[in-house]
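I have placed the structure first, in the form of structure tokens, so that the comments after it can refer back to it.
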Amino acid sequence: MRSNATQRSQRLPALGRRAFLKASGGGLLLAAAGPALLSACGSGGGSQEAWEGPISMLGWDFQPDMIKQLVADWSAESGHEVDVAILPNVGYSAAIQTRLRGGDKIDLFYNFAYNSRKFVEEGWASTLNDLPGIDDLVADLFESSRERHVTPEGDIISVPYFSAVHTLHYNERMLQEAGLSAPPTTLQETYEQSKAIADAGLVSSPYVAYWVKEFCEEYLHTYLLAEGITAFDDDGNPVFADDPKTEGVFEWWQTMYREGLAPASVLNDDPGKLSNEMAQGNAAFFVLHHYFLTSIRDLAGPESENVLLAPVTAQNHTLQIGEVLQMGANDNEEARAAIWELMKYYGWKDGEGRYSVFTEWAKAAGLAAPYPGFFTDPDVVEAFPDYYDLSQLSQIFDTGSKVVPARTSAWYPDFQAKVGDVVHALLLGEITPKDTVAQLADAATSAQGSGGL
Amino acid sequence: MSTTTVRASRRADTPAVRVGPLARAARRFGVRMVAPSALLLVVLLAIPSLLTVAYSVHKVPSNGASLGEFVGFDNFAVVLSSPVFWSSMRTTLIFSAGFVVLSTVIGLATAVLLNQEFVGRSFARALLIVPWAMPWLVLGILWRWYADGSVGGLNSLLLTLGVIDDYQEFLADPTSALLLTIVAAVWRQASFAGILFLSGLQTLPAELNEAAELDGAGIWGRFLHITLAWLRPVLITVTVLNVIYAFLQFDVIFAMTQGGPGDATQVLSILIYRQLFVVTNIGLGSALAVVLGGLALVGGLVTVKLLYSSESR
Chain A
64 MRSNATQRSQ RLPALGRRAF LKASGGGLLL AAAGPALLSA CGSGGGSQEA WEGPISMLGW
124 DFQPDMIKQL VADWSAESGH EVDVAILPNV GYSAAIQTRL RGGDKIDLFY NFAYNSRKFV
184 EEGWASTLND LPGIDDLVAD LFESSRERHV TPEGDIISVP YFSAVHTLHY NERMLQEAGL
244 SAPPTTLQET YEQSKAIADA GLVSSPYVAY WVKEFCEEYL HTYLLAEGIT AFDDDGNPVF
304 ADDPKTEGVF EWWQTMYREG LAPASVLNDD PGKLSNEMAQ GNAAFFVLHH YFLTSIRDLA
364 GPESENVLLA PVTAQNHTLQ IGEVLQMGAN DNEEARAAIW ELMKYYGWKD GEGRYSVFTE
424 WAKAAGLAAP YPGFFTDPDV VEAFPDYYDL SQLSQIFDTG SKVVPARTSA WYPDFQAKVG
484 DVVHALLLGE ITPKDTVAQL ADAATSAQGS GGL
Chain B
27 MSTTTVRASR RADTPAVRVG PLARAARRFG VRMVAPSALL LVVLLAIPSL LTVAYSVHKV
87 PSNGASLGEF VGFDNFAVVL SSPVFWSSMR TTLIFSAGFV VLSTVIGLAT AVLLNQEFVG
147 RSFARALLIV PWAMPWLVLG ILWRWYADGS VGGLNSLLLT LGVIDDYQEF LADPTSALLL
207 TIVAAVWRQA SFAGILFLSG LQTLPAELNE AAELDGAGIW GRFLHITLAW LRPVLITVTV
267 LNVIYAFLQF DVIFAMTQGG PGDATQVLSI LIYRQLFVVT NIGLGSALAV VLGGLALVGG
327 LVTVKLLYSS ESR
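Protein chains in written order, with the numbering used here: chain A, 64 to 516; chain B, 27 to 339.
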């Protein structure tokens with residue numbers, strides 16, 4: 064005997080293909096037309112309508128409470144409301160691009176320098192050329208820093224959010240115990256001193272660095288610059304491939320890892336762990352942004368107070384990095400004027416001509432600003448802990464570091480994404496230093512061409 | 027009273043039935059009930075899928091302002107001619123094979139175990155849900171710490187068991203990193219498989235096993251010919267889902283290794299993420315997504331085919 068359910072199912076026709084297609088076709092049309100209809104309903108006039116704000120600002124989650132406080136202070140002073148949204152640092156680049164691509168309007172946002180020119184070219188960020196006081200801001204920058212914010216064509220595309228230089232954090236006590244009178248001044252000396260410290264039994268793997276895939280690109284430039292190698296010419300050609308010293312840099316890099324002078328875990332370790340390794344005395348050298356000295360000291364480990372800063376190299380340069388603030392695409396002059404006021408305050412000076420925001424970042428985490436005046440400002444000097452040698456730091460910014468202008472090119476993120484794979488293959492011994500040079504050059508050329516995987 | 031004759035089935039041997047107003051009203055009600063879900067499916071699945079296919083044959087500008095220039099199969103040519111793709115494909119297949127086999131086998135074994143009578147069975151069954159309730163990303167972060175060479179518990183466990191004689195940096199070694207990402211992903215998926223298998227086992231009449239035991243069937247024979255045969259529909263569902271999950275796996279791997287060291291754990295989904303969201307080469311990323319989608323679809327269909335054909339035998 065058939066059940067009732069079976070009988071019902073035979074009496075009732077199934078949802079036919081035609082009916083389904085009708086229903087889904089309607090849905091498709093609705094979905095396709097929806098955004099256009101919404102957009103049409105919402106855009107009643109031109110961009111020069113009276114602007115009422117608020118300013119939308121997007122940043123990543125480094126000290127979010129501080130960001131909100133600094134912006135709130137500016138709002139109270141200026142009378143402009145600001146909506147601050149914070150995203151996680153990891154994946155920020157992907158998240159902001161997805162939002163902008165999806166049509167989000169963001170007036171002011173943090174960005175990685177390597178994305179800055181791309182954002183202008185995609186119409187997500189606007190140039191700052193015509194804004195009042197912009198020339199003074201650019202003139203106020205270290206000469207070495209200007210190429211990060213000004214394109215070769217002369218367009219000003221960003222202002223500083225913060226800046227830093229790659230430096231060598233070293234444990235002075237360990238050096239002395241190993242019979243070393245001064246920190247290394249070349250990559251070769253770094254190898255020799257690491258070996259001496261390991262041989263003395265002070266620590267088995269003395270050298271640590273943030274060699275995770277996404278960050279290898281910064282080290283590529285840091286090490287090339289340390290040996291006086293120019294990575295890219297003005298046209299973006301990978302001229303490092305033509306420099307005979309380049310292969311030596313990769314040999315050094317591979318040797319440091321393969322001989323165990325850097326621990327195996329550096330391919331995955333985050334800076335927090337590496338700072339702790341220095342604080343606990345498990346490492347003697349740590350190359351990364353200068354402000355990690357604050358992290359190491361704040362950890363108050365048994366070796367924290369013995370850790371000092373030195374340039375990565377004595378003769379050549381190190382990499383100067385800096386993340387940036389960019390203005391979103393907004394044609395409304397009133398809005399642009401308000402956003403620009405916030406940008407000046409957040410990325411330069413407040414209304415009274417003080418580096419008030421940068422002073423707070425210096426107090427909080429030892430972050431720096433790429434302005435010579437910043438390092439001599441009494442408030443800033445007061446803000447930095449005593450263990451920072453500000454004149455040394457200022458000198459590294461001024462003459463001891465380079466920004467590598469190609470890093471802001473629109474094609475650069477494609478190259479940046481590939482460097483980690485190649486460098487890791489080198490460190491794991493899967494490719495030779497010579498192959499590394501060739502593969503990185505290919506990656507740069509391909510990034511400037513049609514791209515590729 | 028008017029009636030309408032409709033064909034209830036396309037099969038010639040099925041008689042036509044007459045449907046009255048009540049049935050038509052019921053039909054309309056059914057369509058209305060299904061419509062929201064169908065619409066959601068169209069909006070959330072069909073439209074993005076069609077757009078992805080469209081993007082894959084265009085050079086799409088990063089800002090999404092238009093589809094861009096039509097380039098035919100150029101993006102697919104770039105993908106298929108790239109050694110990075112084939113290396114990633116190999117990694118994806120290894121990962122998927124390990125993931126599918128281990129999650130299915132461990133899930134089944136766990137379900138069989140939890141179907142036995144023992145003290146604390148309810149608690150153990152409740153524990154089974156824990157891995158499944160954990161988001162993939164959180165799971166990846168936890169396993170990353172668990173596998174850490176300095177502070178992770180895995181080293182301590184293996185050292186105690188005598189498997190290793192010194193602390194190891196598992197995630198810095200290409201082979202062990204891939205192995206660990208498989209294990210971490212299996213840890214969660216086996217729990218899901220176990221839940222499904224357990225629910226299937228609970229519908230298995232006890233008399234079947236008892237009768238087989240009386241007829242002299244051994245444990246293995248009963249498992250193979252009664253338990254496994256009974257679970258075959260569940261097994262098919264679980265395996266197909268596992269195949270699809272395997273190909274689409276991203277979060278755990280990204281949280282643990284970001285595809286490293288080198289390209290050791292760089293499965294296709296990570297390549298897609300990089301192209302679509304980091305480099306924003308939408309055309310190329312979409313071509314990769316189409317390839318991966320096709321792979322998951324074919325993998326699922328082949329699994330269904332294999333399992334159903336073995337059932338019919």
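Virtual Cβ for every residue (Gly too), placed ideally from N, Cα, C.
At the C-beta level, Met341/A and Leu171/A stay beyond 8 Å of one another. Around the beta-carbon of Lys308/A, fewer than 16 other beta-carbon atoms lie within 10 Å, marking it exposed.
In this structure, DSSP gives Ala272/A an extended state, which the three-state scheme calls strand.
Close to chain A, meaning a Cβ-Cβ distance shorter than 8 Å, are the following residues of the stretch 166-184 of chain B: Arg170, Asp174, Gly175 and Ser176.
Assignment of alpha helix (DSSP H) within the stretch 188-237 of chain A, counting only whole runs of 4 or more residues, yields 197-203 and 206-212 in chain order.
Interface flag for Pro47/B against chain A is unset, since no Cβ pair is found closer than 8 Å. Contact between Leu231/A and Val486/A does not hold, since the beta-carbon distance rounds to 19 Å and is not under 8 Å.
At least 8 Å separates the CB of Trp316/A from every CB of chain B. Just measuring C-alpha positions, the residue of Lys331/B, Leu163/B, Leu297/B and Val260/B sitting nearest Trp112/B is Leu297/B. Think of a sphere of 9 Å around the beta carbon of His380/A: no beta carbon from chain B falls inside it, the nearest being about 28 Å out.
Beta-bridge analysis with DSSP links Pro374/A to Thr230/A. Excluding the 5 residues flanking it on each side, Leu200/A has same chain C-beta neighbours closer than 6 Å at Trp411, in chain order.
In chain order, Gln284 and Gly286 make up the part of chain B whose C-beta sits under 8 Å from the C-beta of Val275/A. Within the DSSP bridge table, the entry for Thr381/A names Ser464/A as partners. Within the stretch 189-207 of chain B, contact with chain A at the beta-carbon level (separation under 9 Å) is assigned to Gln194, Glu195, Leu197, Ala198, Asp199, Pro200 and Ala203.
Rounded to whole angstroms, the separation of the alpha carbons of Ala507/A and Tyr334/B is 50 Å. Three or more Cβ pairs closer than 8 Å define a contact, and the stretch 322-342 of chain A falls short of that threshold against the stretch 209-216 of chain A. If you look at Leu150/A, you'll find it in the beta strand (DSSP E) that goes Val145 to Leu150. Judged by pairs of C-beta atoms under 8 Å, the stretch 236-256 of chain B does not touch the stretch 169-189 of chain B, as fewer than three such pairs exist.
Taking a contact as a CB-CB distance under 8 Å, the pair Val316/B and Val86/B does not count as one, their CB atoms being some 13 Å apart. For the stretch 149-177 of chain B, the continuous alpha helix (DSSP H) assignments of 4+ residues that do not extend past its boundaries occur at 162-172, in sequence order. Beta-bridge pairing by DSSP links Asn174/A to Val387/A. Listed along chain A are Gly515 and Leu516, each with a C-beta nearer than 7 Å to that of Ser108/B. For the C-beta of Ala325/A, not a single chain B residue is nearer than 7 Å; the gap to the nearest is close to 11 Å. Going by beta carbons, Ile459/A and Pro374/A fall inside the 8 Å limit.
Between Asn235/B and Leu224/B, the alpha-carbon positions lie close to 16 Å from each other. Taking the beta carbon of Val305/B as reference, the chain A residues within 8 Å of it are Pro476, Asp477, Ala480 and Gly514, listed in sequence order. Comparing C-alpha distances from Ala103/B to each of Leu185/B, Phe196/B, Phe303/B and Gly309/B shows the shortest one belongs to Gly309/B. Segment contact: the stretch 462-481 of chain A against the stretch 436-449 of chain A, fewer than three CB-CB distances shorter than 8 Å; contact not assigned. Under the 10 Å beta carbon count, Gly483/A is surrounded by 16 or more other beta carbons and is classified as buried. Following the DSSP letters along the chain, one finds Ile118/A inside the beta strand (DSSP E) bounded by residues Ile118 to Trp123. Straight through space, the alpha carbons of Gln194/B and Tyr254/A are spaced by roughly 24 Å. Under the Cβ distance rule, Leu294/B does not count among the residues neighbouring chain A, no pair being separated by less than 8 Å. Secondary structure at Phe276/B: coil, using DSSP grouped into helix, strand and coil. Residue range Cys279 to Ala289 is occupied by the alpha helix (DSSP H) that includes His284/A. Residue pairing from DSSP leaves Glu240/A without any beta-bridge partner.
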